[in-house]
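Residue 510 in the numbering used here sits at position 323 of the sequence shown, with consecutive numbering throughout. Glycine residues also receive a C-beta, built at the ideal position from the N, C-alpha and C atoms.
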Amino acid sequence: MSDAKPVIYQLVVRYFGNTNTTNTKNGTLAQNGAGKFADINAPALRSLREMGVTHVWLTGILRQATLTDWSSIGMPPDDPDVVKGIAGSFYAVRDYFDVCPDYAVDPQDRLAEFDALVGRIHDAGMKALIDLVPNHVARGYDSVVRPDLNFGNGDDTTKFFDPKNHFFYLAMPRGQRLKLSKPPHWEPARFVFDGAFEREDGTPGREPKATGNNNTSPNPSATDWYETIKLNYGFNFAFRVGQYEPRPRTWEVIDQVLGYWQGRGVDGFRCDFAHYVPGEAWSFLLERARVRDPQSYFFAEAYPYANSGDPITDMQQLIDCGFDAIYHDDSYNKLKKVYQGNGSQDEYNTAMVSFSPFARRHCVEYLENHDERRLASPVGYNSGWGESGFGTMDAGYLLAPLQYLVGPGPVLILNGQEVGEPGADDEGFSGPNGRTTLFDYWTMPEFVKWVNAHAYDGAGLSAAQKQLRQFYAGLFAVCQHPMVCADGYWGLKYHNNPSRYSDCPYDLYTFARYLDHGQRSLIVVANFNLTTAATGTIRLPTELVRQTALPAQLRVSLLLDRFGNKEELVALSDRRAIIENGFTVTIPAQSTHVYLIS
């Protein structure tokens, strides 16, 4: 599996195995339930592996701040003012060395149950990944497993910035009190919100702290990451200056966090908001992690921009630090704009052809993750791209091959994407935002039909959902094709354009994947028309034919369509004919086909 193109399945433990479909808005754990580590059983993992998954990202397993009362095992609920939702945000970590007791059959044995899950993932032939949330922690962070490594121990709270501190303190003027605001739509009746938090009441040693999104006001707004506090890696974000000698103490604690989970069998980490952590720290952390496990896999959620003032300002910095891969948000954003009518396939093409083969190998391509709207959620024509879905689960037939086959880098799929989960519910804190909640106890109602009482056989799915899941399995099989795992990419949109050939309509979008002198090539052909099939002729440039050393006599075979992977003969040709006359395709509306020329 080490040479495989990574297919990363984002598995959110909180709701992956939860089969309670009678959920209540702002419901408690007792009312709405939660998935368990034990729910992710051998049949579930075998099915994921058969679908083509290579890495399972266990999302949200670290113990987070929550309003659920676990006093019975020594963990009372947090102050409501510093928790988002009843369950709490996956990314407001309360203890870096523990897992959430919600997910254990026996909460006292929660770590042992997690270890057993990691063992099952390995037994199924896949790697186990978890979150690393390096930029911030919950305001109430307090480890029950390693209290000796609690952040803030030994800090000088009279200074905003000191490279030896773990946090940024709003120390001047003296006596500031933290005053919090929650979103007005969130009104769970059984909790009292007074905007205060005892640990940051402004008395000596209890100064307020900067939020995870760099807000330095003692009165952060309801749209800030007000439930989190920013960690200090020696980079003073207020003045954009780093001090890394002597080594900041935060580096050492995070290194111990990584070593702890590696010791429990975890194979890698998805690193949240990685561009907010300085490259010097990442180089140290990843080097140390790979001394312990040379194959440890790191991929970054990062949105670096030049002149941002963040410590990381471009993707190459993260690659140089040792990251295996980084989110490629630009390609996703361009596709969203096409659906909104605010962008064109030419703009998407420009984004895709601009990457070097080296960078393409490090791009994580996706269509869904926990931060983005579900594919099946409505298109928001008069909103920013972030507040729009793609309108239908069928968008995956068009978009997934474009994203997932463009390079040898990893692909990411969110649980539920493969059966068209719409994210249509108003769960509570999240609201009806087209996403499956990060903050509330809930269920994926369409996904439950695949879970089928933990048989994971899809017995409850509709015919359309079964076809969609079969399509993703076929696509993931094509992802492992030697032409996809190679570096060769050739954008064909310019060549196959009505301005050059009148028999190739504008709706068709094409690119090639190849291996130098490999004597074959994959041709990906998409139809961006959302309502009508498109017929046209696809030709290959002379330069591409030479680059791939295609033989004199050629077969054109269909490898992937809406019904999955196959190898059906489409045409026989020769080199000259494939350049001059091409081959004819008919692509259904909102679909992509993949062809092998060999």
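Counting along the chain, the unbroken alpha helix (DSSP H) around Lys524 starts and ends at Asp516 to Gln527. Burial of Glu414 is indicated by the presence of at least 16 other C-beta atoms within 10 angstroms of its C-beta. Our two residues, Lys212 and Ala274, have alpha carbons roughly 12 Å apart in a direct line. Between Ala546 and Met502, the gap from beta carbon to beta carbon is short of 9 Å. Here Pro294 has Ile260 and Pro288 as same chain residues with Cβ atoms under 6 Å from its own Cβ, once five neighbours each way along the sequence are excluded. Straight across, the Cα-Cα distance linking Trp438 with Tyr420 is about 7 Å. Straight through space, the alpha carbons of Asp343 and Ser518 are spaced by roughly 44 Å.
Contact between Gly239 and Phe663 holds, since their C-beta atoms are separated by about 3 Å, short of 8 Å.
With the rule of 3 Cβ pairs closer than 8 Å, the region 485-504 does not count as touching the region 347-354. With contacts defined by Cβ atoms closer than 9 Å, Gln777 and Asn716 form a contacting pair. For Thr246, the uninterrupted beta strand (DSSP E) segment begins and ends at His242 to Thr246. Between the region 478-487 and the region 529-547 there are fewer than three C-beta pairs closer than 8 Å, too few to call the two in contact. Arg451 carries a coil assignment under DSSP once its states are collapsed to helix, strand and coil. Excluding five sequence positions before and after Ser785, the CB atoms of its chain that fall closer than 6 Å to its own CB belong to Arg707 and Arg742, given in chain order.
Taking the C-beta atoms as reference points, Lys314 is found no nearer than 9 Å to Phe354.
Judged by DSSP in its simplified three-state form, Cys458 adopts strand. The DSSP-derived three-state label of Leu679 is coil. Straight across, the Cα-Cα distance linking Tyr584 with Phe658 is about 8 Å. For the pair Thr722 and Thr771, the Cα-to-Cα distance works out to about 7 Å. The DSSP assignment places complete alpha helix (DSSP H) segments of no fewer than 4 residues inside the region 694-759 at 729-735, in order along the chain. Per the coordinates, the alpha-carbon of Asp296 lies some 22 Å from the alpha-carbon of Leu319. Looking at the DSSP output, Gln197 sits in a beta bridge with Trp244 and Leu601. According to the DSSP secondary-structure assignment, Cys666 is paired through a beta bridge with no residue.
For Ile774, the secondary structure class from DSSP, reduced to helix, strand or coil, is strand. Counting only residues of its own chain and dropping the five nearest sequence neighbours on each side, Phe471 has a CB closer than 6 Å to the CB of Trp438. Here His515 has Cys550, Val551 and Glu552 as same chain residues with Cβ atoms under 7 Å from its own Cβ, once five neighbours each way along the sequence are excluded. In the three-state DSSP reduction, Phe348 falls in the coil class, being neither helix nor strand. In the same chain as Asp459, and ignoring 5 residues on each side of it, the C-beta atoms closer than 8 Å to its own belong to Tyr278, Asp318, Leu319, Val320, Pro321, Asn322 and Glu488, in chain order.
Sequence-distant partners of Gly382 (beyond 5 residues in either direction) whose C-beta falls short of 7 Å from its own C-beta, in its chain, are Asp268, Lys366, Leu367 and Ser368.
Considering only Trp373, Thr398, Pro370 and Arg364, the residue with the shortest C-alpha distance to Glu385 is Arg364. Each residue's CA atom was taken as its position, placing Asp748 and Cys666 some 14 Å apart. Judged by DSSP secondary structure, Leu319 falls within the beta strand (DSSP E) whose first and last residues are Lys314 to Leu319. In the structure shown, the three-state DSSP call for Ala358 is coil.
Excluding five sequence positions before and after Ile441, the CB atoms of its chain that fall closer than 7 Å to its own CB belong to Pro321 and Leu472, given in chain order. Inter-segment contact for the region 594-603 and the region 196-206 is present: three or more beta-carbon pairs are separated by less than 8 Å. Boundaries of the alpha helix (DSSP H) around Gln504: Met502 to Cys508.
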